[in-house]
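Notes follow once the structure below has been shown.
There are 2 protein chains.
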Amino acid sequence: MTETTERARRGPRGEYAKTGAKREAILAAALGVFAESGYRAGSLREIATRVGMSEAGLLHHFPNKEALLAAVLDRRDGDDLSRVHIIVDAEDGAETLRGLVELAAHNASVPGVVELYCTLSAEATSPDHPAHGYFLGRYDWARGMVGRAFERIARDGRLREGADPARAAIATLALMDGLQVQWLLNRDVVDMSEALREYFAGLVADF
Amino acid sequence: MTETTERARRGPRGEYAKTGAKREAILAAALGVFAESGYRAGSLREIATRVGMSEAGLLHHFPNKEALLAAVLDRRDGDDLSRVHIIVDAEDGAETLRGLVELAAHNASVPGVVELYCTLSAEATSPDHPAHGYFLGRYDWARGMVGRAFERIARDGRLREGADPARAAIATLALMDGLQVQWLLNRDVVDMSEALREYFAGLVADF
DNA sequence: GTCTATACATCGATAGAC
DNA sequence: GTCTATCGATGTATAGAC
Numbered sequence: 272m273t274e275t276t277e278r279a280r281r282g283p284r285g286e287y288a289k290t291g292a293k294r295e296a297i298l299a300a301a302l303g304v305f306a307e308s309g310y311r312a313g314s315l316r317e318i319a320t321r322v323g324m325s326e327a328g329l330l331h332h333f334p335n336k337e338a339l340l341a342a343v344l345d346r347r348d349g350d351d352l353s354r355v356h357i358i359v360d361a362e363d364g365a366e367t368l369r370g371l372v373e374l375a376a377h378n379a380s381v382p383g384v385v386e387l388y389c390t391l392s393a394e395a396t397s398p399d400h401p402a403h404g405y406f407l408g409r410y411d412w413a414r415g416m417v418g419r420a421f422e423r424i425a426r427d428g429r430l431r432e433g434a435d436p437a438r439a440a441i442a443t444l445a446l447m448d449g450l451q452v453q454w455l456l457n458r459d460v461v462d463m464s465e466a467l468r469e470y471f472a473g474l475v476a477d478f
Numbered sequence: 272m273t274e275t276t277e278r279a280r281r282g283p284r285g286e287y288a289k290t291g292a293k294r295e296a297i298l299a300a301a302l303g304v305f306a307e308s309g310y311r312a313g314s315l316r317e318i319a320t321r322v323g324m325s326e327a328g329l330l331h332h333f334p335n336k337e338a339l340l341a342a343v344l345d346r347r348d349g350d351d352l353s354r355v356h357i358i359v360d361a362e363d364g365a366e367t368l369r370g371l372v373e374l375a376a377h378n379a380s381v382p383g384v385v386e387l388y389c390t391l392s393a394e395a396t397s398p399d400h401p402a403h404g405y406f407l408g409r410y411d412w413a414r415g416m417v418g419r420a421f422e423r424i425a426r427d428g429r430l431r432e433g434a435d436p437a438r439a440a441i442a443t444l445a446l447m448d449g450l451q452v453q454w455l456l457n458r459d460v461v462d463m464s465e466a467l468r469e470y471f472a473g474l475v476a477d478f
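In structure tokens form, the structure reads like this:
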């Protein structure tokens, strides 16, 4: 990115830097509210209250509710991508899968984020939801990423007989999502990373 | 059930029988609205419009919104239990699992019901959600039912080495739930029953 | 049994003072 | 940059006529 576009993104006087702290606080509060109530039922009022501002003050930083949701998802993607970017293109597919197990273990330490994606992904199955396109793209990307890992595993002759890389990728993501629902309902009965590890162990030789 | 309690449940003049048709219509409309928008964001107004009534007319049949949700879930449970009651106690555990594959195939023909449970289960992870207790009990029951099937399979020596019945049950339910999310987002890329069958095939000998 | 009318809360968003 | 004030829409629920 050139310095010109960088300055353009921040505006002529570096507005982001000035109001950065408030923006972060707003995004954190918005994440919590959207996680607990979803997008449609979550209110700007509740977000504003949590961050100690009026609604008008909040809407000075984000033009409207939809833009705020987009910003929350954007921010999470930045964090998550930096967490998994190492494992995406591992030459050993099993290394990528181990990264997913690690991700599941990490998720157990940030229940708010898990709640956010769990609630929003279900809500966003409706075609008219503001985040519908976001989740379509996210799952496409994830299926491709995990599918390629399984393809490398199959190439190395370590994928179980009869298993298909693309379908294994779908099942992997499904398992991760479904585990989150049960974990959010009752955190004592579910160990997300262990369940995922066992699934991989049944699918990949010497996992 | 004695005839006395039966009459008591219906009221002295058999109210249920008289208004049964309207109740059914309301429940069907409510299922659609709660499925598309969830409970919190779904409105009585929308339900009343779909069924061709006023809001006040609707609230003559159900005292409030929460009771309407409870009635919708009650009705679905009646239908679903009659569908799977045969397979719950099959002497052959694999027979129960095959019933689940069949259930997944059936679900693909009733997207509205899938949407309802997908949306509500995510929403109801919040402890203050009206359906929180319902889903806690539902998952407990389902984990026990599927877990016992896997135990019978293990007893018959058909469960894969190293697999645990209780954990397999958790993963099975998680897989079914997660497949529904991806299927609702994009029905072309996911075959729910086939994915479930492949999972069982990797876990149970000669499935 | 269904309606109109209405009460009353809460929502997203805007205008304009400071 | 944050506030108060306010608008118009929408939400649940109740009262009472028919």
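Chains as they are written, first to last, in this note's numbering: chain Y, 272 to 478; chain P, 272 to 478.
Glycine residues also receive a C-beta, built at the ideal position from the N, C-alpha and C atoms.
Keep in mind the model is a prediction, meaning the values are calculated, not measured.
{"Check": "What runs of the alpha helix (DSSP H), each 4 residues or longer, lie entirely inside the segment 384 to 439 of chain P?", "Outcome": "403 to 426"}
{"Check": "Does the beta carbon of M416/P come closer than 8 Å to any beta carbon on chain Y?", "Outcome": "no"}
{"Check": "Would you please verify whether the beta carbon of G309/P is less than 8 Å from any beta carbon of chain Y?", "Outcome": "yes"}
{"Check": "Out of T367/Y, M447/Y and G323/Y, which has the shortest C-alpha to C-alpha gap to A296/Y?", "Outcome": "G323/Y"}
{"Check": "What does V461/Y pair with, by DSSP beta-bridge criteria?", "Outcome": "Per DSSP, none; premise fails for V461/Y."}
{"Check": "For R438/P and G418/P, I'd like the C-alpha separation in whole angstroms.", "Outcome": "8 Å"}
{"Check": "Mind the definition here: the segment 393 to 409 of chain Y touches the segment 471 to 478 of chain Y only if three or more C-beta pairs lie below 8 Å; say whether that holds.", "Outcome": "no"}
{"Check": "Who are V322/Y's beta bridge partners in DSSP?", "Outcome": "DSSP, once it has assigned bridges, lists no residue as partnering V322/Y."}
{"Check": "For R431/P, go through chain Y and note every residue whose CB falls closer than 8 Å to its CB, in chain order.", "Outcome": "G473"}
{"Check": "How should R354/Y be labelled, buried or exposed, when 16 other C-beta atoms within 10 angstroms of its C-beta is the threshold for buried?", "Outcome": "exposed"}
{"Check": "Considering just the uninterrupted stretch of the alpha helix (DSSP H) at S353/Y, what are its terminal residues?", "Outcome": "K336 to V359"}
{"Check": "Compute the beta-carbon to beta-carbon distance between L450/Y and C389/Y, rounded to the nearest angstrom, for a pair I have assumed lies under 8 Å.", "Outcome": "So it is not a contact: roughly 10 Å between Cβ atoms."}
{"Check": "How far does the alpha helix (DSSP H) with G364/P in it extend, from its first residue to its last?", "Outcome": "G364 to N378"}
{"Check": "From F305/Y to E386/Y, what does the alpha carbon distance come to, in whole angstroms?", "Outcome": "9 Å"}
{"Check": "Tell me the DSSP secondary structure of V475/Y in three-state form.", "Outcome": "strand"}
{"Check": "To which residues of the same chain is M416/P closer than 7 Å at the C-beta, ignoring the five residues directly before and after it?", "Outcome": "V359"}
{"Check": "Can you give the Cα-Cα distance for R468/P and V372/P, rounded to whole angstroms?", "Outcome": "6 Å"}
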